[in-house]
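S.K.:
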Amino acid sequence: MEVLDTSIANVSLSHIAGGLAAGLDESTWVLTTYLVANAVMMPISGWLSTIFGTKRFYMTCVAVFTASSLLCGMAPTLNWLIAFRLIQGIGGAGMAPVVQAMLADIFPPEKRGMAFSVYGLSVVFAPAIGPTLGGWITDNYSWHWIFLINVPVGIISLMLTAVLVSEPEAAKVERARVFRNGLRVDWIGFFLAVVGIGCLELFVDRGERSDWFSSPAILTAAVISGVSLLTLVFWEIRQKEPIVDIPLLKLPSFLASFITMFFMGFILFGTTALLPQFLEQLLGYTAQQAGLALTAGGVFLMFMMPLVGGVLIPRFPAKYLVAVGLVILAASLFNMTRFNLGISFDMAVQARIFQVAGIALIFAPITQAAYNGLPPGKNNNASALINLARNLGGSIGIAVCSTIIARRGQFHQSRIVEHVSAFDTETQNALAHLKALLPHDPSSLQPLRYIYGEVQRQAGMLSYIDAFWLMGILTLLVLPLAFLLRQSHGRSDAPVGH
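In my numbering, the protein residues as written are 1 to 498.
Put into structure tokens, the structure is as follows:
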């Protein structure tokens with residue numbers, strides 16, 4: 001539900017803007033506000049979960065998310081919708097980390113593989129179907145329902161949690177320890193995290209729209225973010241009870257998991273954004289057809305994840321599964337560099353399935369490895385950082401890919417135009433051939449329009465290939481980190497209740 005809401009509103013912005021009498025550029029704050037609030041609250045969700053209790057904090061997050069979803073669907077103006085999306089992002093930020101931490105607390109290390117595989121289905125599948133589902137709901141009902149569908153799901157989740165979920169014993173022990181030693185709130189760390197991560201998310205999400213560093217506002221956000229986050233690191237490593245548990249990154253296995261999860265988010269969200277754009281803008285597919293290409297990968301994932309969690313993780317060390325997954329993922333991205341303007345729908349689906357096969361081998365093992373060998377009571381803090389890595393990676397991945405498509409598209413267009421001249425014999429022959437084929441146009445501009453359109457499509461195709469090359473190379477660069485992952489050995493490497 002929370003992961004779905006990061007992408008479900010993307011395709012409905014024009015409808016939201018029209019329905020609330022606002023401009024399209026103004027309506028993009030509906031996305032930005034949610035992402036900023038989500039990113040700001042996520043790193044401190046582990047601390048909040050420890051203080052208030054895992055179950056109580058989770059139910060509070062679900063209640064806030066559900067209530068704000070109802071308010072979003074009933075928002076009378078854009079300003080109210082943005083305000084309610086801010087609250088929704090705050091509520092949603094704690095849901096994913098707490099669920100992951102509860103799984104790590106409830107299941108022993110040898111059984112976490114299947115638990116994280118089932119959980120991973122939602123994390124990987126939701127962003128893929130979000131735009132398609134959002135578009136279908138908007139076209140057949142109204143944009144209000146992309147928010148209102150959360151309400152019954154949230155109510156059911158609250159009821160099931162109240163009845164079926166109990167506070168993990170390890171969480172009780174850690175909470176008692178914190179209060180026994182005297183509760184101290186790291187207000188400086190909280191302030192630095194909010195400012196640093198908030199400005200970073202603003203920089204990433206609004207950068208391309210504002211032409212990056214040519215905008216004083218974007219430049220200011222980048223500087224404030226860099227200074228705040230650097231100060232946060234030096235501050236938190238000296239705190240006994242840090243609100244953002246930076247010292248966990250001193251553990252080699254956890255650091256490797258954190259970095260790998262960041263790039264997983266980068267590639268997962270980046271390709272999820274790129275593939276539909278490629279199919280729609282360059283190949284002329286409808287939004288529904290483009291969505292089906294992503295959904296096919298999600299269906300394959302439904303069969304792959306249980307196999308990974310139930311069969312492969314118990315038998316093979318995480319580092320080998322992740323390494324094989326990264327190789328497959330890199331190969332799938334390099335395979336996508338062979339795309340051209342004549343590929344079939346089946347080829348696009350096969351490429352996505354190939355990619356998902358690698359992702360399935362990475363997600364659950366890397367999540368499980370992140371919790372292996374942690375100090376007692378650190379599951380909540382670890383989960384907050386791992387989920388932050390995935391979300392920030394996703395935001396940066398989308399921003400980088402969008403920038404590559406825009407900038408490299410301009411570059412390739414200028415290079416192609418250099419070879420298309422009115423004095424060139426091949427160009428003259430092509431124009432004459434087009435004039436004979438196309439309906440008569442007295443101005444003789446129709447053939448030129450056709451050639452210019454083809455130049456744009458070819459330049460766009462080359463820019464997508466550049467993006468796929470970049471992601472493939474980044475995947476290979478992450479590969480050595482897989483061999484730093486720690487393998488679980490039953491309960492011996494975990495504290496009681498972990």
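Built from N, CA and C at the ideal position, the CB exists for glycine as well.
Closer than 8 Å by C-beta to Gly189: which residues in its own chain qualify, once you throw out the five before and the five after it? Chain order, please.
M.R.: Same-chain partners within the cutoff: Leu232, Trp235, Glu236, Gln239, Pro242, Ile243 and Val244.
S.K.: Taking the alpha helix (DSSP H) that Arg486 belongs to, which residues open and close that run?
M.R.: No alpha helix (DSSP H) holds Arg486; DSSP gives it neither H nor E.
S.K.: With 16 other CB atoms within 10 Å as the buried threshold, where does Asp214 fall?
M.R.: First, the residue type needs correcting, since residue 214 is Ser and not Asp in the sequence shown. Looking at its Cβ environment, which holds fewer than 16 other Cβ atoms inside 10 Å, Ser214 is exposed.
S.K.: Can we say the stretch 460-475 touches the stretch 316-333, given the rule of at least three CB pairs closer than 8 Å?
M.R.: A contact exists between the stretch 460-475 and the stretch 316-333.
S.K.: Is Gly120 closer than 7 Å to Phe363 when the C-beta atoms are compared?
M.R.: Cβ atoms of Phe363 and Gly120: closer than 7 Å.
S.K.: Roughly how many whole angstroms lie between the Cα atoms of Ala67 and Phe147?
M.R.: One C-alpha to the other measures close to 10 Å.
S.K.: Roughly how many angstroms separate the alpha carbons of Trp143 and Ser12, rounded to a whole number?
M.R.: Cα to Cα, Trp143 sits roughly 6 Å from Ser12.
S.K.: Cβ of Met74 within 7 Å of Cβ of Glu2?
M.R.: No.
S.K.: Kindly indicate which three-state DSSP category Phe258 falls into: helix, strand or coil?
M.R.: Reduced to three states, the DSSP call for Phe258 is helix.
S.K.: Relative to the C-alpha of Phe483, which residue among Asn340, Met264 and Thr260 is closest?
M.R.: Selected option, being the one with the closest Cα: Thr260.
S.K.: Compute the Euclidean distance between the alpha carbons of Leu388 and Pro43, then round it to the nearest angstrom.
M.R.: Going by the C-alpha atoms only, they are around 6 Å apart.
S.K.: Apart from the five residues just before and just after Leu103, which ones in its own chain have a Cβ nearer than 8 Å to its Cβ?
M.R.: If we look at Leu103 and ignore the five residues flanking it on each side, its Cβ neighbours are Arg112, Ala115, Phe116 and Tyr119.
S.K.: Can you tell me whether DSSP reads Gln281 as helix, strand or coil?
M.R.: Reduced to three states, the DSSP call for Gln281 is helix.
S.K.: Which class does Phe28 belong to by DSSP, given the choice of helix, strand or coil?
M.R.: It should be pointed out that residue 28 corresponds to Thr in this sequence rather than to Phe. Coil, per DSSP.
S.K.: Exposed or buried, which one is Trp29 when buried takes at least 16 other CB atoms within 10 Å?
M.R.: Buried.
S.K.: The alpha helix (DSSP H) spanning Trp187 covers which residue range?
M.R.: Start and end: Trp187 to Arg206.
S.K.: Is Gly286 buried or exposed, if buried means 16 or more other CB atoms sit within 10 Å of its CB?
M.R.: At residue 286 the sequence reads Thr, which differs from the Gly that was named. That one is exposed.
S.K.: Is the beta carbon of Gly502 sitting closer than 7 Å to the one on Gly358?
M.R.: Given a span of 1 to 498 for the chain in the structure shown, any question on residue 502 remains unanswerable.
S.K.: Within a Cβ cutoff of 8 Å, which residues of the same chain sit near Ile16, ignoring the five residues on either side of it in sequence?
M.R.: These residues qualify, in order along the chain: Ala9, Ala22, Ser27, Val30, Leu78, Leu81 and Trp143.
S.K.: Tell me the DSSP secondary structure of Tyr141 in three-state form.
M.R.: Note: Tyr141 maps to coil in three-state DSSP.
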